[in-house]
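> Residue numbers (UniProt numbering): 1 to 1215. Backbone N, C-alpha and C define an ideal beta-carbon position, used for all residues, glycine too. Bear in mind that the values here come from a model prediction, so they are computed numbers and not experimental data.
1) Comparing C-alpha positions only, which one of 1019, 1097, 1015 sits nearest to residue 1049?
2) Pull up the CB-CB distance for residue 676 and residue 644, whole angstroms please, since I reckon it's below 8 Å.
3) Within this structure, are the beta carbons of residue 48 and residue 106 separated by less than 9 Å?
4) If you measure from the beta carbon of residue 662 to each beta carbon in chain C, is any gap under 9 Å?
5) Distance, Cα to Cα, residue 882 vs residue 552?
6) Along the alpha helix (DSSP H) that carries residue 954, what are the first and last residues, could you check?
7) Just to confirm, are residue 947 and residue 884 a CB contact at a threshold of 9 Å?
8) Please determine, among 945, 591, 822, 424, the residue with the shortest C-alpha to C-alpha distance to residue 979.
9) Can you grab the Cα-Cα spacing for the pair residue 901 / residue 869, in whole Å?
10) Kindly list the residues whose CB is nearer than 7 Å to the CB of residue 365, restricted to its own chain and excluding five residues on each side of it in sequence; keep chain order.
11) DSSP on residue 427, reduced to helix/strand/coil?
12) With a threshold of 6 Å on Cβ separation, who are the neighbours of residue 722 within its own chain once the five nearest residues in sequence on each side are excluded?
13) Could you pull out every residue in the same chain whose Cβ sits closer than 7 Å to the Cβ of residue 264, ignoring the five residues on either side in sequence?
14) Have a look at the DSSP bridge pairing and note the partners of residue 974.
15) Leaving out the 5 sequence neighbours to the left and right, which residues in its chain are closer than 7 Å to residue 890 when beta-carbon positions are compared?
16) Taking only the alpha-carbon atoms, compute the straight-line gap between residue 1090 and residue 1005 and give it to the nearest angstrom.
17) Please say whether residue 639 and residue 673 have beta carbons closer to each other than 9 Å?
18) If contact is defined by three or more beta carbon pairs under 8 Å, each pair taking one atom from either stretch, is the stretch 73-90 in contact with the stretch 120-132?
19) Let me check understanding here. Comparing Cα to Cα, which of 133, 165, 74, 161 lies closest to residue 148?
20) Answer yes or no: do residue 857 and residue 880 have a C-beta to C-beta separation smaller than 9 Å?
21) According to DSSP, is residue 1201 helix, strand or coil?
22) Any idea if residue 274 is buried or exposed, counting beta-carbon neighbours within 10 angstroms, 16 or more meaning buried?
23) Using the Cβ count rule (16 or more neighbours within 10 Å means buried), how would you classify residue 409?
24) Since residue 965 contacts residue 993 with CB under 8 Å, what's their CB separation in whole angstroms?
25) Is residue 263 a contact residue of the ligand ADP, with contact defined as CB to any heavy atom under 8 Å?
26) Taking the beta strand (DSSP E) that residue 123 falls in, what are its first and last residues?
27) Give the list of continuous alpha helix (DSSP H) stretches no shorter than 4 residues that lie fully inside the stretch 357-421.
28) So residue 1029 packs on residue 1013, CB below 8 Å; how close in whole Å?
29) Considering only DSSP beta bridges, list what residue 131 is partnered with.
30) Assign residue 759 to buried or exposed, taking buried as 16 or more other Cβ atoms, counted over all protein chains shown, within 10 Å of its Cβ.
31) Might you give, ordered along the chain, the residues of its own chain that have their beta carbon closer than 8 Å to the beta carbon of residue 687, omitting 5 neighbours on each side?
32) Hey, out of 972, 1008, 669, whose CA is closest to residue 1019's CA?
33) For residue 787, is the classification buried or exposed, using 16 other Cβ atoms within 10 angstroms of its Cβ as the cut-off for buried?
34) Let's test the definition: count the other Cβ atoms within 10 Å of the Cβ of residue 1024 and tell me whether it reaches 16, buried, or not, exposed.
35) Taking the alpha-carbon positions, what's the residue 1139 to residue 1072 distance?
Structure representation (structure tokens):
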């Protein structure tokens, strides 16, 4: 423990044994490699705070020798701890051993003093109290109890126990006895294992027998040790020779028993019950006033020996002779004298059997052979020889390994030295080269300075010479120019004189000719007047008729103006009713600062109908506000009707101080809001809530100025089935609606498909109006606004704005593979056998251009005005030379019967009585099929002349009253569809390639040009609202059915996604590479069932049509990802081909193709590559295709300028 004491002083009471130190200690103690590796695998930390230096403990200063020569106490202590850990002794048990040793050392420092009052009693001295407390703490007892155990003894009688104090000498002996008992008491696992020996049936124990020792002065303790060895030697002799006898008898060998050494007399001398030394000493101790009371404290050894001998007698012992190789306990050291001495005093275990046959050196038993010493030594000598040879080979291998290891180390050191020397040489060589390079640079610089000076001198001379020569030439040229200018002036004067003379002559001749022509006209007029003068009555009647006609026209115009003013007054809603302030108060309460900034900011897009404001309450549902602005136009009214259909909550706000606001809101409620809600109603969704709100913000202070009869207003609103609210803040209404909104949000999350059915699209919006809708708002709440808005608006636009048409269309689709709906009646005997989707699809009309300027390639096709008139629809055709013509395509009887009367604005309109429309003219067509019904009636609705180069894109406006075209001639033009007049022209710095109107703000359009630039432009003012630079020029633009995301296809084959964050801002989201060639056309296909995802169809110039799936997030509704699900092979390498989508038969892709055909492919699930087909009729590459809304008419156009209309045959008896 000296090492522990020193470590405690150095480390502050903590001793740590690391795994590396444990391995080193195990190796130093002579353990094998495996033992050294498995010694410990974790740190061992011991608390050694109770230890002090050696000089402070009395037990450690009794001898002057406290350190052995050649023995490292630190390594020995580490080896001891490693051995304890290797045997599986836990750390706590090792700590307990150290605590017991510390307690014994502290007990050795406890001294006693006699009490002054009682000479027979003693007490612990004051200087020894700290050591007493430490010892008690280490032993886990109270200090007072420990002191009483050492200062008092207990005398037991028959009836009671007495405590008698001990004198100072007796207390000291008791202290030593207690220390000895504590040191020899088993601790931890050893104690528990010893106690369990008596309970176990089988156990294995190891006993190290002490050797006999004799010193010049032997203590009683040495006598006890030698007595224990005598007892063990006695047991060994009896057991070994008894085993030998039993073995001979078992092997059936006849032998003569010999006497073996017996030490029974020596043992009896010590342990005889009456005359033994220990008995006599016990008697001496019992006699009062015995001379050696400490003797009785040594009896513990006797009791341990007795217990040990009883235990050994019950076991089957095996003896192993252990030879100590050296007194220093060092590995790999052999001390021959000490080994010989141990072998000489070893005794019988090394002796061979003494019995056997008389005169024989060996004997053979039943299973064993027995040898006497001579024969055994011969065999042992042969074995030693073999072992020596084997050990020599092992030593050779080991020494070879050592030499190779030393050689490798020497070689490694040599290589290191060589590397260092070579590095030094290389460094010197680099320094020398560096000095040479620096010297060369200095020389070059000096040479350069000299050459430069010489060059500058020559240059100055050359410049002076050039200046002289150039000055002379310049002067000569200047003189020549002056001469030429003077000659030109003379020539101009002469030519002017000649031209003036010619002009004067020509003027005189012209005047003379005019006079003669006027004279002739005057003569003709005079003759006409003379003829009219002959019939004065007829002249008066003509004048009177003309005056009456003009008067009627004047009255009609006045009536129309009055009607328009009345209609405008009825439809124009009042302003300044406080709707924006109510909305601001609601947003402030919800705590959405971003939404409040959007609401307070002025409208960025001039002429926009609505402003998008997104509101989010912390922990609540999300709202989207569409601040609506009405200007009285039909287009604005149509947008307003759609927004009402897309809402879950509609709020109409009026000012009670003004009767006009109440009248306007009530008119809108009856004429627009309720019909739109009824049309969009769906049984799968909660009904739309309509609130008629009385704004008491200003009326609370001016109750006398209220013009509206509140009770009448309440009755009128109640009769319409709506809610009437009189409030000053929208927050109270929002608090009432919050449970309903949360229920709606939970319903949306549990059934996301519930917002997808036909005609059930309801958008979450809150749109106060500044004109028509007096503070009216459209509120809808859900767990996440964009997800619901995406799903509902997509279903609304994909299926139409009414349920009647969707119902009839679902009835008409009777076959899954139907390509076009039948529209041409034929007899049953003329009806072909329908074996495929293209059977029965025939070209009915081929429009052939007659004028030379029309014989140009058709670049764009689009249908329009399908809800305007019952008799015909419009087909716009744009050509390469910039010529745009709108044709009338007349409907068949089947198409007219399939129309819903509510979807057509004009049922019986005369084709020649459209206001502002030019008279239609007939077009030369070729009958493509001999059909009974006259289908070749195609007329020109209007012509649009203005572009001088190819038209790149074309589309109708929201109300289809305008046609928008972009052209390479750097212009974007708006045309009046009926008259063909050029209404607006927008110039661009580069060729416009594509354009599209913003769905939520039709007065703003997005356009791309060849400079890779996207621009947002207000069509009312021409102001550029936003510019965005793209990676490559965008050639196709298309919005999805929600109007929130825009797809842009560029020249590099990338499909870019843009988000409409508000009514006049686009934000770039991400892109997807889908092609190696340019994208020429994009078509968005809405989802038609909850199981299907929306698609994007893109024509690519790498002979592919890419079909891309759109993945919308369920929580936030954003377009989170695009996935290319299919690539269709088609001839497309150079030309800008167009495509369209046909919704019949599960959905069809229709596209132009460079192989002079129309490419058709089904978009249904599991369609094979052979499912598509081609429609052949064209003689040139097909560039553009279009399909009408009824899915009955397909138009295709080629690069030769020919337009073909395709229809499907229907049997006359078909239903």
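Taking the geometry as given:
1) Ranking 1019, 1097, 1015 by Cα distance to residue 1049 puts 1097 first.
2) About 4 Å; that satisfies the 8 Å criterion.
3) In this structure, residue 48 lies away from residue 106, with their beta-carbon atoms at least 9 Å apart.
4) Among the protein chains of the structure shown there is no chain C, as only one such chain exists.
5) Take the alpha-carbon of residue 882 and the one of residue 552: they are about 42 Å apart.
6) Careful: residue 954 lies outside any alpha helix (DSSP H), inside the beta strand (DSSP E) at 951-956.
7) Yes.
8) Here the closest residue by C-alpha is 945.
9) Looking at the two C-alpha atoms, the distance is approximately 10 Å.
10) So the list reads 251, 252, 253, once near-sequence residues are dropped.
11) It is helical.
12) So the list reads 690, 692, once near-sequence residues are dropped.
13) Here the set comprises 234.
14) As computed with DSSP, residue 974 is found in a beta bridge with 964, 984.
15) 871, 872, 937.
16) Residue 1090 and residue 1005: Cα-Cα distance of roughly 31 Å.
17) Between residue 673 and residue 639, the C-beta spacing is not below 9 Å.
18) Too few Cβ pairs lie closer than 8 Å, so no.
19) In terms of CA proximity to residue 148, 165 leads the group 133, 165, 74, 161.
20) In this structure, residue 857 sits near residue 880, with a CB-CB distance shorter than 9 Å.
21) It is coil, neither helix nor strand.
22) Residue 274 is exposed by the Cβ-count criterion.
23) So residue 409 counts as exposed.
24) The Cβ separation is near 12 Å, so there is no contact.
25) In the structure shown, the ligand ADP is absent, as is every other ligand, since no ligand is present at all.
26) In the DSSP assignment, residue 123 falls within the unbroken beta strand (DSSP E) covering 122-124.
27) Complete alpha helix (DSSP H) runs here, min 4: none at all.
28) Indeed, because the Cβ distance is near 6 Å, the residues count as touching under 8 Å.
29) Looking at the DSSP assignment, residue 131 forms no beta bridge with any residue, so it has no partner.
30) Interpretation of residue 759 is limited by its pLDDT of 37, a score under 50 that renders its predicted location unreliable; the figure taken from the coordinates is listed afterwards. Burial call: buried.
31) The residues are 681.
32) It is 972 whose Cα lies nearest to the Cα of residue 1019.
33) Low local confidence applies: a pLDDT of 41 at residue 787 is under 50, so the model's placement there is unreliable, and no value is given.
34) In this structure residue 1024 is exposed. Its beta-carbon is surrounded by fewer than 16 other beta-carbon atoms within 10 angstroms.
35) Each residue's Cα considered, the two are about 20 Å apart.
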